[in-house]
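Colleague: In case it helps, mature numbering (1 follows the signal peptide of the UniProt record, and there is no 0) puts the sequence shown at residues -22 to -1, 1 to 578. Backbone N, C-alpha and C fix where the C-beta goes; we use that ideal spot for every residue, glycine too. On a predicted model such as this, the values are computed, not experimentally measured, just so you know.
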Amino acid sequence: MKKLKVTLLASSVVLAAALLSACGSNQNSSTSTKKLKAGNFDVAYQNPDKAIKGGNLKIAYQSDSPMKAEWLAPLSDDATFGSMSSPGGGQDGLFFTNSSFKYINGGPANVSLYKDAKTATITLRKDLKWSDGSEVTAKDYEFSYDLTANPAYGSDRWTDSLANIVGLSDYHAGKAKTISGITFPDGENGKVIKVQFKEMTPGMNQTGNGYFLETVAPYQYLKDVAPKDLASSPKSTTKPLVTGPFKPENVVAGESIKYVPNPYYWGEKPKLNSITYEIVSTAKSVAALSAHKYDYINDMRASQYKQVKDVKGYKVLGQQELYISLMYYNLGHYDVKKSISVQDRKTPLQDQNVREALGYARNVAAVQAKFSNGLATPANGLIPPIFKEFTSPSVKGYEKQDLDKANKLLDEDGWKLNKSTGYREKDGKELSLVYAARVGDANSETIAQNYIQQWKKIGVKVSLYHGKLMEFNSWVDHMTTPPGSDDWDITDGAWSLSGEPSQQDLFSAAAPYNFGHFNDPEITKDLNDIDSTKAEDSTYRKAAFIKYQEDMNKKAYVVPTAYAINYTPVNKRVVGMTLDYGAMNTWSEIGVSSDKMATK
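Laid out in structure tokens, this is it:
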């Protein structure tokens, strides 16, 4: 997740420009001069004017929940802050990648993989420094593993994928005081790290593969903070050290970040004097754009597109989103001591027919047609179409509503319709479920109530959690706090994904983000096949991805909902703006052509 970059999104109807929102979440993106297209959108804005010296870029992230500032990647799972941290280094990401998400040299660090030795060597730049001028060291890279694998820090990033590093499972379980598979050829204060794996996997050359971490954390700066206090310490929330072209000068809790150039940045010095990055609510964002308050706003909803597409002074850019939204069923709990999901909840949802029926009852296509303005499409599988080599139209999901099939599945499962109530019963118990729907945008309530009405058509009684939508941050806490809660049955999720499409970190038995806590040996085998040595053959890996998606649709532990195109309205004074996934220096190169916003 990258595989630290699988991040939770507030809106499940549309996109969230999270992974590389506008200027990228890797620490820098770079201006692209290619005439790239995503659907009908240009991916980059070619401003005919040159950038002035200095200037202040004004950015907003649209959210109805406060920003949760956490600069340490292993302790953060919030897409909003993941985007807002990007001028400072995207929570200190290390590697540059191309448009296909494969590692390339030239970033803060390079990575070399050695198949026969089963190792990765990470080499930090000699001039890579923290924003206080101190050196970024090999120990800082290892410290990211400490934060992730030591339960005392409270990270929810531990996964089966990381267990492939020699000695990391023993460290995670408290059986070892050090990580035997991570060594420092030049010492802890050097610039080289060797990672020893149990097995090599075919996706290791892709960012976000999850088998090794892609960030650093300032060990010397943080070592004296007690693990239980680190996530809330000013050193990780409001007064961090960063590695990117900008550093935070002021962080206002929940609201905003002001950036100024980082004098110790290793790369090209930024053109801008400062960047202000603020939260703006969905109720105020369109008016703010119309008033030319911001150069651009991230995470604009598809439902807002018609309101902003023709605002004077702006060019709307677009990009295929690394995004999937889906529906979860609550089937078990997470065993913290064993780091594994246990599928033991007593619920009608343990019956596959019930899960399938709920999926077929939803009118996803109608919802997207009404609210997405063509920017979201019903999903037939769990892998978004930007990974075209791993998807296929032959995969049949739940994108088309089929009430007859849903009713038939429930009939076959013995759920009889009580004509006096309109709901189904079995063994004297009504088929009644709790829907933990959450706030996303102005249409969230309407969409949730719509699905409740569709389920009523097949005789399933569904009510909202405590009678209302859940606030997003409260929902995140509810879903991610182990061992999990027994007070909900259905919920929706939306993820900004990494550049490696393997979903071990979402749905393996050990994945904390497996919200429903299903544990199925066949799905485990499918996930392992995708990452096996056999999958180094591209034909084999594509077949493995297709089988995995078919099996997930058949078993319906989760139900795919939608894919999306991300769009971003950009003020025409901005120079060097691109959404290209292969752009790696944008924060240094982006500028403005005037001190005043363009209004025409």
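Do Thr469 and Phe493 count as a contact pair if the criterion is CB distance below 8 angstroms?
Modeller: What you label residue 493 is simply residue 515 of the sequence shown in a count that begins at 1. What you label residue 469 is simply residue 491 of the sequence shown in a count that begins at 1. Yes. Within cutoff.
Colleague: Quick check: what's the CA-CA separation for Thr115 versus Gly359?
Modeller: Translated into the one-based positions of the sequence shown, residue 115 becomes position 137. Translated into the one-based positions of the sequence shown, residue 359 becomes position 381. Taking the straight line joining both Cα atoms gives about 41 angstroms.
Colleague: Which runs of the alpha helix (DSSP H), 4 residues or longer, sit entirely within the stretch 160 to 221?
Modeller: 197 to 200, 205 to 208, 212 to 215
Colleague: Using a Cβ distance threshold of 8 angstroms, determine whether the stretch 518 to 529 contacts the stretch 252 to 266, with at least three qualifying pairs required.
Modeller: Taking a cut-off of 8 angstroms for Cβ pairs, the stretch 518 to 529 and the stretch 252 to 266 do not touch, as fewer than three such pairs fall below it.
Colleague: If you run the structure through DSSP and keep just helix, strand and coil, what is Asn451?
Modeller: For this step, residue 451 is matched to residue 473 along the sequence shown. Asn451 falls in the helix class under three-state DSSP.
Colleague: When we look at the beta-carbon of Ala561 and count the other beta-carbons within 10 Å, is it buried (16 or more) or exposed?
Modeller: For the purposes of this step, residue 561 is taken as residue 583 along the sequence shown, with counting starting at 1. With 16 or more Cβ atoms within 10 Å of its Cβ, Ala561 is classed as buried.
Colleague: Is there a Cβ from chain D that is less than 8 angstroms from the Cβ of Lys315?
Modeller: Protein chain content of the structure displayed is limited to a single chain, and chain D is not contained in it.
Colleague: If you check the beta carbons only, do Leu106 and Thr215 fall under 8 angstroms apart?
Modeller: Walking along the sequence shown from the start, residue 106 turns up at place 128. Walking along the sequence shown from the start, residue 215 turns up at place 237. Remark: C-beta atoms of Leu106 and Thr215 do not approach each other more closely than 8 angstroms.
Colleague: Nearer than 7 angstroms: is that true of the beta carbon of Glu423 relative to any heavy atom of the ligand GDP?
Modeller: No copy of the ligand GDP appears in this structure; indeed no ligand is present at all.
Colleague: Contact check, Ser122 vs Leu191 under 8 angstroms by CB: the rounded distance?
Modeller: Counted from its first residue, the sequence shown places residue 122 at position 144. Counted from its first residue, the sequence shown places residue 191 at position 213. About 5 angstroms separates the two Cβ atoms, so the contact holds.
Colleague: Could you tell me the boundaries of the alpha helix (DSSP H) in which Gln285 lies?
Modeller: Along the sequence shown, one-based indexing puts residue 285 at 307. 283 to 286 is the span of the alpha helix (DSSP H), which, as asked, contains Gln285.
Colleague: Relative to the C-alpha of Asn308, which residue among Pro461, Pro218, Pro241 is closest?
Modeller: Position 330 of the sequence shown, counted from the first residue, corresponds to residue 308. Of all alpha-carbon atoms in Pro461, Pro218, Pro241, the one lying nearest the alpha-carbon of Asn308 is that of Pro461.
Colleague: Ignoring anything shorter than 3 residues, give me the beta strand (DSSP E) runs that lie fully in the stretch 442 to 510, in order along the chain.
Modeller: 468 to 474
Colleague: Which word fits Gly17, buried or exposed, when buried means at least 16 other C-beta atoms lie within 10 angstroms of its C-beta?
Modeller: As a first step, residue 17 must be located in the sequence shown, where it is residue number 39. Its Cβ having fewer than 16 others within 10 Å, Gly17 is exposed.
Colleague: Taking all protein chains shown into account, do 16 or more other C-beta atoms lie within 10 angstroms of the C-beta of Tyr243, making it buried, or fewer, making it exposed?
Modeller: Along the sequence shown, one-based indexing puts residue 243 at 265. Buried: at least 16 other Cβ atoms inside 10 Å.
Colleague: Count the other CB atoms, across all protein chains shown, that sit within 10 Å of the CB of His150; report buried if there are 16 or more and exposed otherwise.
Modeller: Counting from 1 along the sequence shown, the entry for residue 150 is found at position 172. Looking at its Cβ environment, which holds 16 or more other Cβ atoms inside 10 Å, His150 is buried.
Colleague: I need the straight-line Cα distance from Pro355 to Ala204, nearest angstrom please.
Modeller: Position 377 of the sequence shown, counted from the start, is the residue given in the question as residue 355. Position 226 of the sequence shown, counted from the start, is the residue given in the question as residue 204. Checking the displayed sequence, the identity of residue 355 turns out to be Thr instead of Pro. Computed Cα separation, rounded: 46 angstroms.
Colleague: Express the C-alpha separation of Asn451 and Ala472 in angstroms, rounding to a whole number.
Modeller: Counted from its first residue, the sequence shown places residue 472 at position 494. Counted from its first residue, the sequence shown places residue 451 at position 473. Their backbone Cα atoms lie some 14 angstroms apart in a straight line.
Colleague: Would you mind giving the Cβ-Cβ distance between Ala576 and Arg551, rounded to the nearest angstrom? I have them listed as a contact below 8 angstroms.
Modeller: Locating residue 576 in the sequence shown gives position 598, counting from the first residue. Locating residue 551 in the sequence shown gives position 573, counting from the first residue. Going by Cβ atoms, the distance from Ala576 to Arg551 rounds to 5 angstroms, so yes, they are a contact pair.
Colleague: Throw me the rounded Cβ distance for the Ser474 and Ala57 pair, which I believe falls under 8 angstroms.
Modeller: Working through the sequence shown from its first residue, we reach residue 474 at position 496. Working through the sequence shown from its first residue, we reach residue 57 at position 79. Yes, they are in contact, since the Cβ atoms of Ser474 and Ala57 sit about 5 angstroms apart, within 8 angstroms.
Colleague: Please name the residue in Lys574, Val314, Tyr401, Val21 whose C-alpha comes closest to that of Gln297.
Modeller: Position 319 of the sequence shown holds residue 297. When each option's Cα is compared against that of Gln297, the closest is Val21.
Colleague: Identify the continuous beta strand (DSSP E) that holds Met305 and give its terminal residues.
Modeller: What you label residue 305 is simply residue 327 of the sequence shown in a count that begins at 1. Its beta strand (DSSP E) spans residues 301 to 307.
Colleague: Could you spell out where the beta strand (DSSP E) holding Ile524 opens and where it closes?
Modeller: Walking along the sequence shown from the start, residue 524 turns up at place 546. Not the beta strand (DSSP E): Ile524 falls in the alpha helix (DSSP H), residues 516 to 533.
Colleague: At which residues does the alpha helix (DSSP H) containing Phe349 begin and terminate?
Modeller: Taking the first residue of the sequence shown as 1, we reach residue 349 at position 371. Element bounds for Phe349: 342 to 349.
Colleague: Using 8 angstroms for Cβ pairs, my map puts Asn385 next to Ile436. What's the rounded Cβ distance?
Modeller: In the sequence shown, the residue the question calls residue 385 occupies position 407. In the sequence shown, the residue the question calls residue 436 occupies position 458. With a Cβ gap of about 5 angstroms, Asn385 and Ile436 count as contacting.
Colleague: Going by the beta-carbon positions, is the gap between Lys96 and Gln174 smaller than 8 angstroms?
Modeller: Reading the sequence shown from its first residue, position 118 is the one you call residue 96. Reading the sequence shown from its first residue, position 196 is the one you call residue 174. Contact flag set, yes.
Colleague: Measuring straight from C-alpha to C-alpha, what distance separates Asp313 and Asn563?
Modeller: What you label residue 313 is simply residue 335 of the sequence shown in a count that begins at 1. What you label residue 563 is simply residue 585 of the sequence shown in a count that begins at 1. Distance between the alpha carbons of Asp313 and Asn563: 42 angstroms.
Colleague: Met555 to Lys172, Cα distance in whole Å?
Modeller: The residue you call residue 555 lines up with position 577 of the sequence shown. The residue you call residue 172 lines up with position 194 of the sequence shown. Answer to the nearest angstrom: the Cα atoms are 36 angstroms apart.
Colleague: Would Val454 and Leu411 be called neighbours here (beta carbons separated by less than 8 angstroms)?
Modeller: Residue numbering aside, residue 454 sits at position 476 when the sequence shown is read from its first letter. Residue numbering aside, residue 411 sits at position 433 when the sequence shown is read from its first letter. Cβ atoms of Val454 and Leu411: not closer than 8 angstroms.
Colleague: The beta strand (DSSP E) that contains Asn428, what's its start and end?
Modeller: For the purposes of this step, residue 428 is identified with residue 450 of the sequence shown, where counting begins at 1. Bounds of any beta strand (DSSP E) do not take in Asn428; it lies within the alpha helix (DSSP H) bounded by 422 to 435.
Colleague: Whose C-beta lies closer than 6 angstroms to the C-beta of Phe485 among residues of the same chain, with five residues either side of it excluded?
Modeller: Counting from 1 along the sequence shown, the entry for residue 485 is found at position 507. Here the set comprises Asn492.
Colleague: What residues match up with Met555 in a beta bridge as DSSP calls it?
Modeller: Indexing the sequence shown from 1 puts residue 555 at position 577. Beta-bridge pairing links Met555 to Tyr23.
Colleague: Could you tell me which of Gly132, Ala343, Arg402, Pro326 sits nearest to Thr458, measuring between CA atoms?
Modeller: For the purposes of this step, residue 458 is taken as residue 480 along the sequence shown, with counting starting at 1. Closest option to Thr458, Cα to Cα, is Gly132.
Colleague: Between the Cα of Gly418 and those of Asn240, Lys374, Ser259, spot the shortest distance and give me the residue it belongs to.
Modeller: The residue you call residue 418 lines up with position 440 of the sequence shown. Considering only alpha carbons, the answer is Ser259.
Colleague: For Ala540, does the three-state DSSP call read helix, strand or coil?
Modeller: To locate residue 540, count along the sequence shown from 1; it is residue 562. Reduced to three states, the DSSP call for Ala540 is strand.
Colleague: Any chance you could list the beta strand (DSSP E) runs of at least 3 consecutive residues sitting entirely within the stretch 17 to 85, in chain order?
Modeller: Listed in chain order, the complete beta strand (DSSP E) runs (minimum 3 residues) inside the stretch 17 to 85 are 34 to 40.
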